[in-house]
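Under the working numbering, the sequence shown has 68 at position 68, and the numbering climbs by one with no breaks. For glycine and all other residues, C-beta sits at the position ideal for the given N, C-alpha and C. What follows is one structure encoded as structure tokens, with my remarks underneath.
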Amino acid sequence: MRVPRLAFLLLFLIGSLVGAVEKPFNFNETPGKLPKEVVPTEYAIRIVPNLDNFTFAGSETVKLNVRGPVHQLVLNGLELKIEAASVDGKELPVSAIKADNENELLTLPFSSELAAGDHALTLRFTGKINQQGQGLFYMRYQEQGSGARKVMLGTQFEATDARRFFPCWDEPAFRARFQLTVVVPENWLAVSNMPIQSKTLLNGRDPAAAGGRPRLDTSSGAPGGRALPPRKPMKEVRFAPTPPMSSYLNVFVAGELDFIQSQVGPTQIRVIATKGKAELGRYALEASAEILKYYNDYFGVPYPLPKLDQIALPGGFGGAMENWGGITYFE
């Protein structure tokens, strides 16, 4: 009979849909190489790029939730040189840090057990600015209109390249808040996932020092040396902290950039491009505003960040990357 058959098909369909529902996120069951006894909750990162030799200096403090006693920390790092390390203010010998380049892991052993609870890991490190879209990279381009040769910076962290920018738990299951501070030329626009929280002109202070120190010339033998003029006017840009998210969704772009913008409710929408090209993104800006309105209504859940940037990068490799709050595209 038709009714029993329809009832059977309906029950089969319901059973199939129930089976297809995604299971709730379970941190302990997610696959990965990193131990789950230590969980980062907040990162405060400071990066100082050097455009003369395409390297960068960095420092970070990571708040950790240690779920059980451990004798070492294991996290991701690649193409980074660790120059100093401490936990809760107690220095760790850099010589004891093991870098496993094949597995892209850093191991920081302790002389005694680290107890369960909240702790703070502080690291100072250096790295390189790549020519290809891995980690922090640079792009050379010709400016629209003036024809001047320029350089700018961008990042590409998916799938596993945040570890080239800062030591981190670089697996999607490890979600944390990220607060980024960068030092860039004064005339550059710096962009990250969240809006700018503060900007500080360094006025001749050493950008590689946290908070800035005067650059010193010690060649004269004078005690303490004498202050040197800055190479170029620089500024320190601090971004607001992100909501909890995976490391690969971080973004940092900086250069001589222009933008056009609109507003959808509380959300600022921008299209950002190199000088002379921002207006070419007018259609993308208008379409983004309409799409965001539609999705806010359709899902009944408002977009959670205060801004949504779409950033056009010079070049043609890599396609695009859905960084939260700062989507990058290649021209």
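Simplified DSSP assignment, three categories, for residue i
i	result
Y43	strand
F27	helix
G319	coil
D297	helix
L202	coil
I97	coil
L305	coil
I196	strand
L149	In the sequence as displayed, the identity of residue 149 is Arg instead of Leu. Of the three classes helix, strand and coil, the one that applies to R149 here is strand, per DSSP.
S288	helix
E158	coil
F8	Since pLDDT at F8 reaches only 47, below the 50 mark, its modelled position is unreliable, and no value is offered.
G117	strand
A173	coil
L92	strand
L280	helix
L249	helix
G221	A caution first: G221 carries a pLDDT of 45, below 50, which makes its placement in the model unreliable, though a value can still be read off. The answer is coil: DSSP assigns G221 none of H, G, I, E or B.
L228	With a pLDDT of 44 at L228, under the threshold of 50, the predicted position of this residue should be treated as unreliable, though the coordinate-derived value follows. Residue state, collapsed to three classes: coil.
Distance between beta carbons of residue j and residue i, contact taken as under 8 Å
i	j	result
S86	T122	5 Å
E79	K33	Not a contact, Cβ separation roughly 18 Å.
A115	P69	6 Å
A159	F27	In fact, because the Cβ distance is near 19 Å, the residues do not count as touching under 8 Å.
L292	Y303	6 Å
L313	F330	5 Å
Span of the beta strand (DSSP E) around residue i
i	result
F252	F252 to G255
L136	G135 to Q142
Y329	G326 to F330
F373	Outside the shown range of the chain (1 to 331) lies residue 373, about which nothing can therefore be said.
F110	L105 to L114
Q132	Neither: Q132 is in no beta strand (DSSP E) and is coded neither H nor E.
A273	T267 to T274
A85	L80 to V87
E236	M234 to F239
7 Å Cβ shell around residue i - same chain, five flanking residues per side excluded
i	result
N187	E256
H119	L64, V66, V87 and D88
F166	I45, G58 and E60
R163	N76, G77, L78, E104 and D170
G325	N193, M194, L305, K307, L308 and D309
V264	A289, L292 and K293
F110	H71 and Q72
Contact set for residue i: own chain, Cβ-Cβ below 8 Å, skip 5 residues either direction
i	result
S59	I45, R46, T122, L123, R124, F125 and A210
Q142	A148, R149 and K150
F137	I129, N130, Q131, L153, G154, T155 and Q156
E286	S262
D333	The question about residue 333 has no answer, for the chain in this structure spans 1 to 331.
Contact set for residue i: own chain, Cβ-Cβ below 6 Å, skip 5 residues either direction
i	result
L201	K235
T107	Q72, V74 and K98
V62	P40, Y43 and L121
G135	D161, R164 and F165
P233	E186
is_contact[residue i, chain D] using C-beta, thresh 8 Å
i	result
P241	No chain D appears in the structure shown, which is made up of a single protein chain.
At least 3 beta-carbon pairs within less than 8 Å: the stretch 44-62 vs the stretch 90-109: no
Validate contact between the stretch 275-284 and the stretch 231-249 using beta carbons, cut 8 Å, 3 pairs: no
Any 3 or more C-beta pairs closer than 8 Å across the stretch 177-185 and the stretch 235-246: yes
Cβ pair count under 8 Å reaching 3, the stretch 253-272 against the stretch 188-200: yes
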